[in-house]
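Line order of the protein sequences matches chains A and B. Following the UniProt record's numbering, the numbering of the first sequence begins with 1 at its first residue and continues without gaps. Following the UniProt record's numbering, the numbering of the second sequence begins with 1 at its first residue and continues without gaps.
There are 2 protein chains.
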Amino acid sequence: MAHPTLEDVAARAGVSRALVSLVMRGSPKVGKERREAVLKAADELGYRPNIMARGLAAGRTGMAGVLAADLHDPLFASVHDGLADEAARRGVRLLLASGGGRPARERAALGELLDLRLDGLLLAGPRIAAAEIERAAAGCPVAVVGRPVRSSRVDCVTGDDAAAMARAVTRLVELGHRRIACMDLGSGRPRVQQVFKAALAEAGLAPDQDVLWRPGGAATAVVAAGDATGTAALTTLHRAGLDVPGEVSLVVLGDAPGAEVNGVTTVAAPAAELGRLAMAALLDRIGDGGAAREGRRVTVPPVLAERATTGAITP
Amino acid sequence: MAHPTLEDVAARAGVSRALVSLVMRGSPKVGKERREAVLKAADELGYRPNIMARGLAAGRTGMAGVLAADLHDPLFASVHDGLADEAARRGVRLLLASGGGRPARERAALGELLDLRLDGLLLAGPRIAAAEIERAAAGCPVAVVGRPVRSSRVDCVTGDDAAAMARAVTRLVELGHRRIACMDLGSGRPRVQQVFKAALAEAGLAPDQDVLWRPGGAATAVVAAGDATGTAALTTLHRAGLDVPGEVSLVVLGDAPGAEVNGVTTVAAPAAELGRLAMAALLDRIGDGGAAREGRRVTVPPVLAERATTGAITP
DNA sequence: GTGAAAGCGCTAACAG
DNA sequence: CTGTTAGCGCTTTCAC
């Protein structure tokens, strides 16, 4: 028998289907005798409950969906660690789908997840329009991580990139640096420079004539905006013959796996923690059973991991 | 109405449920008139088919499961690109689950995926025992990517690390290198050194007294076994004051995203292609409808991406 | 073409 | 405690 059903188990154990159902769900009100008979029969038959059928009948599945905007983003893997942890802790299974980095695909994946009628949906770094998220939330509990969404019925958990920038700068200032530059591979993003200038100002520093780092500049420290930029920064500094952290200190905003291996000092949102909080919010919302609670809005402060690319300035 | 059903649509359109079902699945044998009425009603109601119910009734879901051993492995994201592409091309939806890098979790995730009764299962780089994979394959079409599994009913698609090593070495030899060293952060893996020696021998070179790279050695080229090792190698070489590729050439086995950004020459299995082939094998198997075909075994040759860390030797 | 009837495998009242 | 009775939302014969 390829896939024995509840009925097969019942027949073999000589009991009714309902009894088997109770046993499978670990109900306490079944006699030890019969329970064991049922378990034995199920085991011998290699019985596995059909989740679809269960979900259909019960009206809930015990599963939550996770939509990853882009599997290539190493951040997602860390977020997922937190997500999975919290879900496991609360006995909820996770099903993932990927947006493949493209809004169109993401939209499609969202639709499929919605059609599965899972108990809830967690959107990780969604790139689709807020209105679409809102619409999804109308039919299913939704939480978002990694992107602020202002909506009454969506919980959302985010990091704080401005705070991260500020943390990087203040740390460098503590170390004695006064001429700090910023590096951004995705250059032209005005927000990065803006945030950088604000952080500088907050630390009581005036930006140099040029905010961005350039070889031969006077900067004694560099803040790299993003993981890719960070790796590139390291390479560039080395190529320029600069000793790190002897001559130049480097702080990277973001915490890709490579950073730890290479001993790069980083400031980043604690991804797993974001994930955990988002999942907690989602499960709470599911638990509330649609008590149209106000959307929870959580911002998590960044974490500094001081490794080997930063040092005190020694004139 | 939170989730209108087929029946609601039928009522609104003034037809029977069966007719709506036909329309929703795009059957050609429905009059234009009625079809449009149904579509209109469905749209107005915001109807979305319930996949669980559909799967239960139809006996197939139109979905395949993908079990990722470890989401942190950037390789998986690339494999998934290929997977998703092929699945989309053939009209199959994908549902992912993660093994979280731990065999125990992976086993659990496999069970959940199995319980969903999807049409097929794709295991990406599984770490669980071959026997467990075999067992899963008894109840559901299964294909494996990234790990060789010899089984009559499992298709599997893998890269070829020995060939990758050989490709790296022959390329370096073409460039004039004769003293080539190997670097392996996960040191102690005997297989790596063994494969390296074999590649050297094949290229007509004798290994130096010591196979592994060491600062101050005479090697003019280094092969780094793995992405992490590659990044570390680059840093180490730079720290040692060596010009790359002026004094030392570097080839990394593996193709993490950072490699391209940093212009590192790599040799790696074409991950997306592996994914595509594995998904194709799985869908073929599903299509065969359990015609206990012999397991397909595909090995894909590695690809050299020559970037900026390799150069001809100029004595 | 179209509608009625019979499930898919399971859960959830409800009587015994 | 146990078995019976209805469905969950959809697909699928099979007559009309």
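Backbone N, C-alpha and C fix where the C-beta goes; we use that ideal spot for every residue, glycine too.
8 Å Cβ cut-off: residues of chain B touching residue i
i: Leu56 (chain A); result: Asn50, Met52, Ala53 and Leu56
i: Val74 (chain A); result: Reading off the sequence, residue 74 (chain A) comes out as Pro, not Val. Under the 8 Å cutoff, chain B gives His72 and Pro74.
i: Thr231 (chain A); result: Thr231, Gly258, Val261 and Asn262
i: Ser21 (chain A); result: Within chain B, no residue comes near Ser21 (chain A); the closest Cβ sits about 15 Å away, beyond 8 Å.
i: Thr5 (chain A); result: Under the 8 Å cutoff, chain B gives no residues; its nearest Cβ is about 11 Å from Thr5 (chain A).
Host alpha helix (DSSP H) of residue i (start-end)
i: Ser249 (chain A); result: Where Ser249 (chain A) is concerned, there is no enclosing alpha helix (DSSP H), although the beta strand (DSSP E) it sits in stretches over Ser249 to Leu253.
i: Ala278 (chain B); result: Ala271 to Asp288
i: Leu39 (chain B); result: Lys32 to Leu45
i: Ala138 (chain A); result: Ala130 to Gly139
i: Arg105 (chain B); result: Pro103 to Asp115
i: Gly125 (chain B); result: Run containing Gly125 (chain B): none; DSSP gives neither H nor E here.
i: Leu56 (chain B); result: Ile51 to Ala58
i: Ala221 (chain B); result: Note, Ala221 (chain B): premise wrong, no alpha helix (DSSP H); beta strand (DSSP E) at Ala221 to Ala225.
C-beta contact flag for residue i and residue j at 8 Å
i: Ser78 (chain B); j: Ala271 (chain B); result: yes
i: Gly125 (chain B); j: Arg147 (chain B); result: yes
i: Ala232 (chain B); j: Leu185 (chain B); result: yes
i: Val149 (chain A); j: Leu122 (chain A); result: no
i: Ser151 (chain B); j: Glu132 (chain B); result: no
i: Ile180 (chain B); j: Leu212 (chain B); result: no
i: Leu56 (chain A); j: Ala53 (chain B); result: yes
i: Val92 (chain A); j: Ala281 (chain A); result: no
i: Leu253 (chain A); j: Thr309 (chain A); result: no
i: Leu45 (chain A); j: Val23 (chain A); result: no
i: Val267 (chain B); j: Arg191 (chain B); result: no
i: Arg276 (chain B); j: Glu86 (chain B); result: yes
i: Leu67 (chain B); j: Gly99 (chain B); result: yes
i: Leu71 (chain B); j: His72 (chain A); result: no
i: Pro301 (chain B); j: Asp155 (chain B); result: no
i: Asp115 (chain A); j: Pro49 (chain B); result: yes
i: Val244 (chain B); j: Arg307 (chain B); result: no
Endpoints, beta strand (DSSP E) assigned at residue i
i: Gly188 (chain A); result: That residue, Gly188 (chain A), is in no beta strand (DSSP E); it is neither H nor E in DSSP.
i: Ile180 (chain A); result: Ile180 to Met183
i: Val66 (chain B); result: Met63 to Ala68
i: Leu175 (chain B); result: Segment: none, Leu175 (chain B) is in no beta strand (DSSP E) and carries neither H nor E.
i: Leu96 (chain A); result: Arg93 to Ser98
i: Asp85 (chain A); result: Counting along the chain, Asp85 (chain A) falls outside any beta strand (DSSP E), though it belongs to the alpha helix (DSSP H) covering Pro74 to Arg89.
i: Asp8 (chain A); result: Asp8 (chain A) -> not in any beta strand (DSSP E); alpha helix (DSSP H) instead, spanning Leu6 to Ala13.
i: Val145 (chain A); result: Val142 to Val145
i: Arg150 (chain A); result: That residue, Arg150 (chain A), is in no beta strand (DSSP E); it is neither H nor E in DSSP.
Per-residue contacts from residue i into chain A (C-beta, under 7 Å)
i: Glu112 (chain B); result: Arg93
i: Ala2 (chain B); result: Gly139
Status (buried if at least 16 other CB within 10 Å, exposed otherwise) for residue i
i: Pro141 (chain B); result: buried
i: Arg214 (chain B); result: exposed
i: Thr314 (chain B); result: exposed
i: Met183 (chain B); result: buried
i: Gly59 (chain A); result: exposed
i: Arg189 (chain A); result: exposed
i: Gly204 (chain B); result: exposed
i: Met279 (chain A); result: buried
Under 7 Å by beta carbon: chain B residues contacting residue i
i: Ala77 (chain A); result: Leu71 and His72
i: Thr314 (chain A); result: Those within 7 Å of Thr314 (chain A) in chain B number zero; the least Cβ separation is about 20 Å.
Beta-carbon neighbours of residue i, restricted to chain A and to distances below 8 Å
i: Asp115 (chain B); result: Arg48, Pro49, Asn50 and Ile51
i: Ala129 (chain B); result: Within chain A, no residue comes near Ala129 (chain B); the closest Cβ sits about 17 Å away, beyond 8 Å.
i: Ser98 (chain B); result: His80, Ala84, Leu94 and Leu96
Cβ-heavy atom distance, residue i to the ligand ATP, below 7 Å
i: Gly241 (chain B); result: Of ligands this structure carries none, so the ligand ATP is not represented either.
> In the region 149-182 of chain A, which residues sit with their C-beta less than 9 Å from some C-beta in chain B, listed in chain order?
Replying inline: Within the region 149-182 of chain A, no residue has a Cβ that lies closer than 9 Å to any Cβ of chain B.
> Residues in the region 259-286 of chain A with C-beta within 8 Å of chain B's C-beta atoms, listed in sequence order?
Replying inline: Correct list: Val261 and Asn262.
>> By the 8 Å beta-carbon criterion, what residues does the region 297-309 of chain A contribute toward chain B?
In response: Within the region 297-309 of chain A, no residue qualifies.
> Given a limit of 7 Å on CB to CB distance, which residues of the region 132-151 of chain A reach chain B?
Replying inline: Taking a C-beta cut-off of 7 Å against chain B, the contacting residues of the region 132-151 of chain A are Gly139, listed in chain order.
>> Output needed in chain order: residues of the region 211-228 of chain A with a Cβ under 7 Å from some Cβ in chain B.
In response: Cβ contacts with chain B come from Ala228.
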